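Student:
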Amino acid sequence: MGRTLSDCVIAAQDDADSMTAMLETRHLAGDPALETQLQDALARRFFGRRASGFINKKSQERIQRHSKFKFSTQLLEPNVKESPGGLRDIHTAGWFLMARRGIRAPESFQNILTRRNYEIYIKAFDFMLRTRSELHFHTDKLFDVLEHDLQLIIAKNLGYKDRDNELGVEHFMRDYYTHARAIKHLSDLICERLKGQSSTGRAVGLLTRRQLDDGSVLHHTHIALPKKRRHFFTNTPHRIFSLLLNAQRFGVPLNEAAKQGIKDHLHLIDDSFRSSERASRLFLDLFRAPAGIGTTLRTMHELDILGAYVPEFGSLTCLVQYNRYHIYTADEHTLVAVERLDYLARSPSLPHDLQHLRSVYNEIPRKELLYLALLMHDVGKSVRDKDHSIVGAEMTRDFLKRLQLPDDQIETVVFLVRQHLAMSAIAQRRDLSDQRMITEFASTFSHPDTLRMLYVLTYADLSAVTQTAWTAWKGHLLRELYENTFYILTKSTQPDREQPELQDIQKILAALEPRIPHQTLVEHLNNMPPRYPEQNSPEEIAQHLQLIDAMGSSLVAVSVQPGELFLEITICTHDQPFRLSEICGVLATHDINIFSAHAYTRNDGTVIDIFQVTSDMDNDARLQKKIQQTLTDVFQKKERVSDLFANYSQRWSLRRQPTVPISPEITFDNNVSMRSTVIDILAQDATGLLYRITRTLSELGLDIYTARIGTQADRAVDAFYVRKNGDKITDIALLEHITHELTRAIENP
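Numbering (this note's numbering), first residue to last: 17 to 765.
Below you can see the structure in the form of structure tokens.
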């Protein structure tokens, strides 16, 4: 049943979506006069000067849509239609144009944009249409998400080819993000110009506006350029920065006309401007502000000011790293990191695991140096196939010299950029009870304030990789590394503190002798490796002895103890070949994620393996019973771990395999530990990977003393402290053989 003209008017009044559909009506068949009557009826009631209600509703819809994508044009898997900078932004601008002026897009955009901006807009529109069409052709359905695995295929189908320094898919996605940024900016400009202002809003604006020192005008909702603006920037280019400072100071944005005015004058940011003392002072003032640093830098980047003034950062614009670990482009990751630092500094409701970081942040005297380091920490990624930390440090030095910072401040920021990966790598992949390693790490810092800055920078960097990259467990490890290092740096000014790793056997005996016979304790400690009393508290040692008693003549005893951030699973058994790999395999079949492991073997063959893990099972006693039963069956040869994997595999969710496989990377470090060789392994994450690695190490006759287990999206990042016959592994041929066997085990499950 059709609608009458009256029905259409009522529907348009009640529902913005119906109004939108009617805006786009075209005559297909029947009496063309009816279509004309409908458009006339809608125009009289809703369009032209009366379009504000419709436009306001669509503006709110646009904001809500953008919020679903964190307001970012540069996500790993953008929606070509709905994401900020997608086709829907162009559609919305077209609806505004039709409602306000009665002319259809996209051709009529040239009536509201400059010729150059119109060409940019239409070129971006064409790119998005071709990309969306290719998505539909390939998937054979209505599908608008540029999923990671589809990007390679779409790029190839659109003619992108690999080059020496850039994959074809990276070039394609860089083009996508560049066009999305243009669509977002120009759509914002069109929508603001067509949105208009209510009479009430105009009245309030007249009462509250005032002229600022640089000649710009402060309104209650924004900052605008003065009416006489022809030479506003050309006579005083530094107004580009003063506008931003005022927006930051008063907590209101620049309006779109002011933003476009800046973009039209970017050519003023030349070598002379970049070396100007006044520009340097204004730029540094942005970093010294009490709030809004992240918002200001984002505005600067959206307007291409940041890349113009800091070309080292500009080279990161829309730079794609084709992996699942980074959900943002390099420039967007940096901006998110700065925003995470703002959040840490000023959020009124900070989670418990970030409270310590905030207290450390508050102790940093020159916070602008931390923000500068965060801005520059990844600039070296623009130079492919080199260590971006080292390259970026030198690029940072050049930039800071232009800023005319004092030498000591330059060296501090350069150090932070060069070392920005160090704390995360050590905390997650090294034994934090190794005092020699901690002392060497502490020796790299010239002052505790530099350690404070690196600690906070590491949080901001890590938390901006993905929405799940920062975890309480990683925060726990970083805090442990920070506190141990800080103690070394400041111990001459602090009283000795009691730490498990510093306790000697006498302290352990004094704490436990009332409960455990002296002879039992002495025999246990004398039969354990020297690191054991350093790495375990008296309470933990008491628990181990209880577990040994509980094992008795059986094959295994298991303890599952809850902690604030993880479960601690302690397994006591007898030393046999492949024991640790069997345990890792059994834990995997119970959906247990292992983060770290310590293995101790007494001289009598008793083994104590300690794991920090997470598990979805909320009944610790039941989990303990299941693990003990499965281990017993495996140790008694009633079950094989390989069969357990086959039985359990169907209830594991299928993991998406990356289109570009990750080749295993295996490296050895004989310097970080006095007693062990550390094997670092980067590989594609897969079910049973840890079992295969530990089994291979056992087959090679290597003893595993400590392991750090981690994941980064679809990558496993593991470290194993190993020895052969009690010694480090230094034989080159043996190291090459270990590499070959581990690679084979990883690539051939």
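Positions of the beta carbon are idealized from the N, C-alpha and C atoms, including for glycine. Since the structure is predicted, the reported quantities are computational estimates derived from the model, not experimental observations.
If contacts are defined as beta-carbon pairs under 8 angstroms, then I285 and A324 qualify, I think. What distance do you get, rounded to the angstrom?
Tutor: To locate residue 285, count along the sequence shown from 1; it is residue 269. To locate residue 324, count along the sequence shown from 1; it is residue 308. I285 to A324, Cβ: 4 angstroms. Contact.
Student: Return helix, strand or coil for R449, following the three-state DSSP convention.
Tutor: In the sequence shown, residue 449 corresponds to position 433, counting from 1. The sequence as given places Ser at residue 449; Arg does not occur at that position. Correct three-state label for S449: coil.
Student: When we look at the beta-carbon of A615 and count the other beta-carbons within 10 Å, is it buried (16 or more) or exposed?
Tutor: Taking the sequence shown and counting its residues from 1, one reaches residue 615 at position 599. When all chains shown are included, A615 counts as buried.
Student: Examine the Cβ distances between the region 317-337 and the region 189-196 and report whether three or more of them are shorter than 8 angstroms.
Tutor: Enough Cβ pairs lie closer than 8 angstroms, so yes.
Student: Can you give me the Cβ contacts of E163 inside the same chain, cut-off strictly under 8 angstroms, excluding the 5 residues immediately before and after it?
Tutor: Here residue 163 is taken as the residue at index 147 of the sequence shown, counted from 1. Excluding sequence neighbours, E163 sits near E93.
Student: By Cβ distance, which residues of its chain are closer than 6 angstroms to R672, with the 5 residues on each side in sequence left out?
Tutor: The residue you call residue 672 lines up with position 656 of the sequence shown. In this prediction, R672 has a pLDDT of 47, which is less than 50 and means its spatial position is unreliable; what the coordinates show is noted afterwards. Taken in chain order, the list of residues that qualify is empty.
Student: Between the Cα of I643 and those of V576, I678, S291 and L718, spot the shortest distance and give me the residue it belongs to.
Tutor: Along the sequence shown, one-based indexing puts residue 643 at 627. The shortest C-alpha separation from I643 is found at V576.
Student: Can you list, in chain order, the residues of its chain with a C-beta nearer than 7 angstroms to that of Q711? Leave out the 5 residues immediately preceding and following it.
Tutor: As a working note, residue 711 is residue 695 in the sequence shown. For the record, residue 711 in the displayed sequence is Arg; it is not Gln. So the list reads F594 and S597, once near-sequence residues are dropped.
Student: Got a sec, what are the start and stop residues for the alpha helix (DSSP H) E293 sits in?
Tutor: Looking up residue 293 in the sequence shown gives position 277. Looking at the DSSP string, the run of the alpha helix (DSSP H) that includes E293 is E293 to F303.
Student: Can you check the region 602-667 for any beta strand (DSSP E) of at least 3 residues that lies completely inside it and give the ranges in chain order?
Tutor: List check, beta strand (DSSP E) in window: 608-617 and 622-631.
Student: Do you know offhand how far I709's Cα is from L758's?
Tutor: Counted from its first residue, the sequence shown places residue 709 at position 693. Counted from its first residue, the sequence shown places residue 758 at position 742. The alpha-carbon atoms of I709 and L758 are separated by roughly 7 angstroms.
Student: Taking buried to mean at least 16 other C-beta atoms within 10 Å of its own C-beta, is M690 buried or exposed?
Tutor: For the purposes of this step, residue 690 is identified with residue 674 of the sequence shown, where counting begins at 1. So M690 counts as exposed.
Student: So, T41 versus L54, is the Cβ gap smaller than 8 angstroms?
Tutor: The residue given as residue 41 occupies position 25 in the sequence shown. The residue given as residue 54 occupies position 38 in the sequence shown. Contact: yes.
Student: Which complete alpha helix (DSSP H) runs does the region 219-270 hold, if anything under 4 residues is left out?
Tutor: Counting whole runs of 4 or more residues, the region 219-270 contains the alpha helix (DSSP H) stretches 255-266.
Student: Classify N687: buried if its beta carbon has 16 or more other beta carbons within 10 angstroms, exposed otherwise.
Tutor: In the sequence shown, counting from the first residue as 1, residue 687 sits at position 671. The residue in question, N687, is exposed, as its Cβ has fewer than 16 Cβ neighbours within 10 Å.
Student: To the nearest angstrom, report how far apart F62 and G102 are at their CA atoms.
Tutor: Residue mapping note: residue 62 aligns to position 46 of the sequence shown, counting from 1. Residue mapping note: residue 102 aligns to position 86 of the sequence shown, counting from 1. One C-alpha to the other measures close to 27 angstroms.
Student: Please list the terminal residues of the continuous alpha helix (DSSP H) segment that includes Q90.
Tutor: Within the sequence shown, the letter at position 74 stands for residue 90. Neither: Q90 is in no alpha helix (DSSP H) and is coded neither H nor E.
Student: Look at F651 and V572 and say whether their C-beta atoms are less than 8 angstroms apart.
Tutor: On the sequence shown, residue 651 is found 635 positions in, with the first residue counted as 1. On the sequence shown, residue 572 is found 556 positions in, with the first residue counted as 1. Cβ distance < 8 angstroms, so F651 and V572 count as in contact.
Student: Whose CA, out of A409, G18 and H463, lies closest to the CA of E379?
Tutor: Numbered from its first residue, the sequence shown carries residue 379 at position 363. Ranking A409, G18 and H463 by Cα distance to E379 puts H463 first.
Student: Taking only three categories from DSSP, how would you classify L467?
Tutor: Residue mapping note: residue 467 aligns to position 451 of the sequence shown, counting from 1. Residue state, collapsed to three classes: helix.
Student: Whole angstroms are fine: how far does the CA of Q264 sit from the CA of P364?
Tutor: For the purposes of this step, residue 364 is identified with residue 348 of the sequence shown, where counting begins at 1. For the purposes of this step, residue 264 is identified with residue 248 of the sequence shown, where counting begins at 1. C-alpha separation (whole angstroms): 19 angstroms.
Student: Please list the segments of the alpha helix (DSSP H) lying wholly inside the region 28-78, counting only runs of 4 or more residues, in order along the chain.
Tutor: The region 28-78 contains these whole alpha helix (DSSP H) runs: 32-39 and 48-62.
Student: List the whole-angstrom C-beta distance separating L494 from A443, where the pair is believed to meet the contact cut-off of C-beta under 8 angstroms.
Tutor: Indexing the sequence shown from 1 puts residue 494 at position 478. Indexing the sequence shown from 1 puts residue 443 at position 427. L494 to A443, Cβ: 5 angstroms. Contact.
Student: Where do the ends of the beta strand (DSSP E) carrying D734 lie?
Tutor: Counted from its first residue, the sequence shown places residue 734 at position 718. Segment R731 to R739, the beta strand (DSSP E) holding D734.
Student: In three-state DSSP terms, what is Y338?
Tutor: Mapped onto the sequence shown, residue 338 falls at position 322. Y338 falls in the coil class under three-state DSSP.
Student: Where does Q519 sit, in a helix, a strand or coil, going by DSSP?
Tutor: The residue you call residue 519 lines up with position 503 of the sequence shown. At Q519, the pLDDT of 48 sits below 50, so the modelled position is not reliable; the number obtained from the coordinates is stated separately. Q519: coil per DSSP, three-state reduction.
Student: When the Cα atoms are used, what is the spatial distance from A566 to S631?
Tutor: For the purposes of this step, residue 566 is taken as the residue at position 550 of the sequence shown. For the purposes of this step, residue 631 is taken as the residue at position 615 of the sequence shown. Spanning the two alpha carbons is a distance of roughly 24 angstroms.
Student: Near L670, what residues of its chain come up, given a Cβ to Cβ distance below 6 angstroms and the 5 sequence neighbours on each side ignored?
Tutor: What you label residue 670 is simply residue 654 of the sequence shown in a count that begins at 1. Because L670 sits at a pLDDT of 48, beneath the cut-off of 50, its placement in the model cannot be relied upon, and the point is left open.
Student: In the DSSP assignment, the alpha helix (DSSP H) including V688 goes from what residue to what residue?
Tutor: The sequence position of residue 688 within the sequence shown is 672, counting from 1. Note, V688: premise wrong, no alpha helix (DSSP H); not H, not E.
Student: Going by DSSP, name the residue or residues bridged to T130.
Tutor: Translated into positions along the sequence shown, residue 130 becomes position 114. Bridge partners of T130: none, in fact.
Student: Thinking C-alpha only, which one of D142, L113 and G396 is nearest L129?
Tutor: Against the sequence shown, residue 129 aligns to sequence position 113. Of the listed residues, the one whose Cα sits closest to L129 is L113.
Student: N552: buried (16+ other C-beta within 10 angstroms of its C-beta) or exposed?
Tutor: The count along the sequence shown starts at 1 and reaches residue 552 at position 536. The residue is buried, with at least 16 neighbouring Cβ atoms inside 10 Å.
Student: Does the region 341-354 come within contact of the region 470-490, defined as at least 3 CB pairs closer than 8 angstroms?
Tutor: Judged by Cβ distances under 8 angstroms, the region 341-354 makes contact with the region 470-490, as three or more pairs qualify.
Student: Does the region 198-210 come into contact with the region 130-142, if we say contact requires no fewer than three beta-carbon pairs (one atom in each stretch) closer than 8 angstroms?
Tutor: With the cut-off at 8 angstroms, the region 198-210 and the region 130-142 touch.
Student: Check the DSSP bridge columns for L583 and list the partner residues they point to.
Tutor: Numbered from 1 along the sequence shown, position 567 holds the residue referred to as residue 583. For L583, which the question treats as bridged, DSSP gives the partners P578 and V629.
Student: Any idea if K74 is buried or exposed, counting beta-carbon neighbours within 10 angstroms, 16 or more meaning buried?
Tutor: In the sequence shown, counting from the first residue as 1, residue 74 sits at position 58. It is buried - the Cβ of K74 has at least 16 other Cβ atoms within 10 Å.
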